[in-house]
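Each residue of the sequence shown is one higher than the one before, counting from 1 in full-length UniProt numbering.
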Amino acid sequence: MQDVEEFRPRSASGSPRTWLANSPSSRARRPRPRTRGVRGAACLEPAPGQGGLTCLGWPVEHGGRGLSVAHRVAFYEEYAIANAPAKVNHFGEELLGPTLIAYGTPEQQQRFLPKILDVTELWCQGYSEPGAGSDLANVSTTAVLDGDHWVINGQKVWTSLAHWAQWCFVLARTEKGSKRHAGLSYLLVPLDQPGVKIHPIVQLTADSEFNEVFFDDARTDADLVVGAPGDGWRIAMATLTFERGVSTVGQQIVYARELNGVVELAKRTGAADDPLIRERLTRSWAGLRAMRSYALATMDVEQPGQDNVSKLLWANWHRELGEIAMDVRASRAWYWKAAISTSGSGSTCSLAPIPFTAVQTKSSATSLPSGCSACPERSRDDACRRTERGSRTRTFSR
Numbered sequence: 001m002q003d004v005e006e007f008r009p010r011s012a013s014g015s016p017r018t019w020l021a022n023s024p025s026s027r028a029r030r031p032r033p034r035t036r037g038v039r040g041a042a043c044l045e046p047a048p049g050q051g052g053l054t055c056l057g058w059p060v061e062h063g064g065r066g067l068s069v070a071h072r073v074a075f076y077e078e079y080a081i082a083n084a085p086a087k088v089n090h091f092g093e094e095l096l097g098p099t100l101i102a103y104g105t106p107e108q109q110q111r112f113l114p115k116i117l118d119v120t121e122l123w124c125q126g127y128s129e130p131g132a133g134s135d136l137a138n139v140s141t142t143a144v145l146d147g148d149h150w151v152i153n154g155q156k157v158w159t160s161l162a163h164w165a166q167w168c169f170v171l172a173r174t175e176k177g178s179k180r181h182a183g184l185s186y187l188l189v190p191l192d193q194p195g196v197k198i199h200p201i202v203q204l205t206a207d208s209e210f211n212e213v214f215f216d217d218a219r220t221d222a223d224l225v226v227g228a229p230g231d232g233w234r235i236a237m238a239t240l241t242f243e244r245g246v247s248t249v250g251q252q253i254v255y256a257r258e259l260n261g262v263v264e265l266a267k268r269t270g271a272a273d274d275p276l277i278r279e280r281l282t283r284s285w286a287g288l289r290a291m292r293s294y295a296l297a298t299m300d301v302e303q304p305g306q307d308n309v310s311k312l313l314w315a316n317w318h319r320e321l322g323e324i325a326m327d328v329r330a331s332r333a334w335y336w337k338a339a340i341s342t343s344g345s346g347s348t349c350s351l352a353p354i355p356f357t358a359v360q361t362k363s364s365a366t367s368l369p370s371g372c373s374a375c376p377e378r379s380r381d382d383a384c385r386r387t388e389r390g391s392r393t394r395t396f397s398r
């Protein structure tokens, strides 16, 4: 297997640095709204597929490279250093693909894996609903078997990149009268059909990466259920185990770039003269190093609760960085420039925040993706209370 450091160099054919350095999207080297980044990534991502740089960790027999965790970490670091746009193939490559490899039928693997590999079909994740966010077992979207098809009705929300995807893996209730974890199924649903409507959600940061997805008698083939009908909860939880993987190391490179930007801003504005600001920035730097060390130490080790720890670490760290950015900019950070243009019967508003306002507004919501931070916090507190009660009981019995 190729050495990790030999995998990185700019001169190596097919290396991350080679195609990232030569791509128009990465040459721009400037911040961009997420929606423009999606367009850039949609053009960029077929390139790594053609050069063998997607699905690095997939087994060779399924079209991947079979590379180690260290190689995948190196790739995501190079991807982040190049300031390439967010990967639109993330849900297919990192979530659905490994799920199909582990639980899909040979027919499902043959149908979908090649198109994930060459980035010709994009996927999104249909889990969250208006009444089922972090409480995923509360989903109310239904799917009824009608001959050779499942007929799906319901609504999903906060569905990342649904407006760019062709397919969605959907958690739906397939057993009438079932509650909570029972009676759920994991369906593969095409989005380009009359029964599906997708409405982008414009956020405070002016991004629109999230969507509402409405299913109104949408249909999918009866054999496009992963695992057995009613086994959806187990399959959905397996998918979530892939969610916070090696790509988080690349995300930490992005966080480091944001932190460096806040430090430079503090120097320019004189905020760095404040010892409290300096202390908070130092704590942020130390926290980022700790996150990286934890991520690398647990990358290839399965331990109960490690995903919750990782989520709490980066969510709390990023929220605190946003608060520091606001204090560095003070009240001026809330100044927005808005340009409103009207075309046809509707209006669009393009918001351009002053630098680092976006860091604060986006970081304030980082406790929500991948499950609300309050949920792992409650799990942690419950575990501590159970341990505490057990300790008291054992002490008393002696």
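Where a beta carbon is used, it is the ideal one built from N, C-alpha and C, also for glycine.
Note that this is a predicted model, so its numbers are computed, not measured.
The C-beta separation of I201 from F210 comes to about 5 Å, placing the pair in contact by the 8 Å criterion. The beta carbon of E77 lies closer than 8 Å to those of V249, G250 and I253 in the same chain, with the five residues before and after it left out.
Secondary structure of K179 (DSSP, three-state): coil.
With a cut-off of 8 Å on Cβ pairs, the segment 225 to 237 is not in contact with the segment 56 to 63, counting fewer than three such pairs. V262 sits away from A315, with the two beta carbons spaced by 8 Å or more. It is roughly 36 Å from the alpha-carbon of Q166 to the alpha-carbon of E320.
Annotation for G97: C55, W58, L113 and I116 place their beta carbon closer than 7 Å to its own, counting only its chain and skipping 5 residues before and after.
Around the beta-carbon of G270, fewer than 16 other beta-carbon atoms lie within 10 Å, marking it exposed. Residue burial is scored here from C-beta neighbours: P194 has fewer than 16 other C-beta atoms within 10 angstroms and is therefore classed as exposed. Cβ contact annotation for G92 (same chain, cutoff 6 Å, sequence separation greater than five): I116 and W123, in chain order.
The alpha carbon of D327 has as its nearest neighbour, out of R278, L312, T298 and A297, the alpha carbon of R278. Looking only at E121, P130, A82 and T239, the smallest Cα-Cα distance to Y103 is reached by T239.
The Cβ-Cβ distance between V309 and V69 does not fall below 8 Å. By the neighbour-count definition (other C-beta atoms within 10 Å, threshold 16), E5 is an exposed residue. For V213, the secondary structure class from DSSP, reduced to helix, strand or coil, is strand. It is roughly 7 Å from the alpha-carbon of L184 to the alpha-carbon of L171. Between L288 and A256, the C-beta gap is smaller than 8 Å, which places the two residues in contact. Annotation for A162: C124, I198, N211 and V213 place their beta carbon closer than 6 Å to its own, counting only its chain and skipping 5 residues before and after.
In the three-state reduction of the DSSP assignment, G250 falls in the helix class, which pools H, G and I.
For L188, the enclosing beta strand (DSSP E) has its first and last residue at L184 to P190. Rounded to whole angstroms, M237 and W285 show a C-alpha spacing of 33 Å. Per the DSSP secondary-structure output, R219 pairs in a beta bridge with V151.
The secondary-structure analysis by DSSP pairs K311 with nothing; it has no beta-bridge partner. Under the 10 Å beta carbon count, K311 is surrounded by 16 or more other beta carbons and is classified as buried.
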